[in-house]
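In this note's numbering, the protein residues as written are 562 to 660.
Rendered as structure tokens:
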């Protein structure tokens, strides 16, 4: 997989109350990813960018909410969420390397 695709697969970490609980309980990290990304691409991107070993990847397609804008119906974009399980003894640090 080329470096450009790796940079485009992971969009951002998804921080919510549920993702924090899942992270503490199951040693998982939740990412917002590109809608066309496969599990294999997500795994390769996380392993390359953060230098960690991945046990498994689970994905969820999140449907956009229906909203009104000035009494006109609209809809938010659909997006994809990835639950990345880290291998035993692995830890992911977003702040950078510790001394």
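Where is the CB? At the ideal position from N, CA and C, for every residue including glycine.
By the 10 Å Cβ neighbour count, where 16 or more other Cβ atoms means buried, how is residue i classified, buried or exposed?
{"i": "residue 632", "result": "exposed"}
{"i": "residue 628", "result": "exposed"}
{"i": "residue 591", "result": "buried"}
{"i": "residue 645", "result": "buried"}
{"i": "residue 589", "result": "buried"}
{"i": "residue 615", "result": "buried"}
{"i": "residue 618", "result": "buried"}
{"i": "residue 621", "result": "exposed"}
{"i": "residue 598", "result": "buried"}
Whole-angstrom Cβ separation of residue i and residue j, contact assumed at under 8 Å?
{"i": "residue 593", "j": "residue 638", "result": "Rounded, the Cβ-Cβ distance is 11 Å, inconsistent with contact."}
{"i": "residue 636", "j": "residue 650", "result": "Wrong, their Cβ atoms sit about 43 Å apart, outside the cutoff."}
Note down, in chain order, each residue of its chain lying with its Cβ closer than 8 Å to the Cβ of residue i, except the 5 sequence neighbours on either side.
{"i": "residue 610", "result": "567 and 571"}
Return the chain-ordered list of same chain residues with a C-beta closer than 6 Å to the C-beta of residue i, the five sequence neighbours on each side being excluded.
{"i": "residue 577", "result": "none"}
Taking 7 Å as the limit between beta carbons, can you name the residues of its chain near residue i, skipping five residues before and five after?
{"i": "residue 562", "result": "602 and 605"}
{"i": "residue 640", "result": "593, 596 and 623"}
Starting from residue i, follow its DSSP beta bridges and name the residues at the other end.
{"i": "residue 598", "result": "Looking at the DSSP assignment, residue 598 forms no beta bridge with any residue, so it has no partner."}
{"i": "residue 630", "result": "633"}
{"i": "residue 566", "result": "According to DSSP, residue 566 bridges with nothing at all."}
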